[in-house]
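Written below as structure tokens is the structure these notes are about.
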Amino acid sequence: MKTIQLSAAALIAAFTLATATTASAFDGAIMGKVTVVKSESKKFQLHIPKTMTQGSGAVQVSLIDVDGTTLFTGTVIDRTQKGVPFDVASLPDGKYYLTTSTNTWWSSQELNIRDNALSIDDTKLTQIARPTISTYAKNKLQVTIPTVNVESTNVAIYNQNDELVFVEEVAGNISRLDLNGLPEGAYTLTVGSDVKRFAEQIKVQK
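All letters in the sequence shown, in the order written, are residues -25 to -1, 1 to 181 by mature numbering (1 follows the signal peptide of the UniProt record, and there is no 0).
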């Protein structure tokens, strides 16, 4: 986990954050996008771009039913880049979610089985990647959040006592934070959604 150091121009007793959000369409263009493709009646292939894997290429995969029960969890490697096959012939009719993740991204694809046949709607795939955090001016951060089919994300800041000192909902892919009012010290900035969050350590210094 990286640490971003900021220089505080002044210590302000009343803590306020100036924020701005910017809409931006990533749709996987930068980070790549997981795809789940039906191959037979109750079979599908999971395709993971090589650009989205690191090291061994292992990706964590889970299959979850609509009640939140995990039916399968494990790791897969798409060595040939031809897709990882899955057979769901034993599953009854219903709605399921296939989640895939590494330490830098998380994805979920909705699967539907009706009349013993599988259907996949790629508009029901959601994906979020670890944000890029940079300074664009003194005491100011730009948080860029690559997403696919995610309407909004959440940015929060916690102090060293794990107390929430700031939270905002981000409708676009970019959030700008003015931290001039933040007292000197270390903080944790978290970014994500209800199901997946990424955390980064930041420091404010005079």
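Even glycine gets a Cβ: it sits at the ideal position worked out from N, Cα and C. Owing to the predicted nature of the structure, the values given are computational and were not obtained by experimental measurement.
- At a Cβ-Cβ threshold of 8 Å, ASP68 and ASP90 count as neighbours.
- Short of 6 Å from the beta carbon of SER14, and not among the five residues preceding or following it, lie these beta carbons of its own chain, in chain order: GLN20.
- Close CB contacts of LYS171 within its chain, under the 8 Å cut and outside five residues either way in sequence, are with SER76, TRP81, ILE103 (chain order).
- Beta-carbon to beta-carbon, THR122 and THR107 are separated by about 12 Å, too far to satisfy the 8 Å threshold.
- The way I'd put it, the region 133 to 148 doesn't touch the region 83 to 101; fewer than three beta-carbon pairs between them come closer than 8 Å.
- Following the DSSP letters along the chain, one finds SER109 inside the beta strand (DSSP E) bounded by residues 107 to 112.
- Rounded to the nearest angstrom, the gap between the Cα atoms of ARG54 and ALA92 is 28 Å.
- In this structure, the CA atom of LEU116 is about 10 Å from the CA atom of ASN155.
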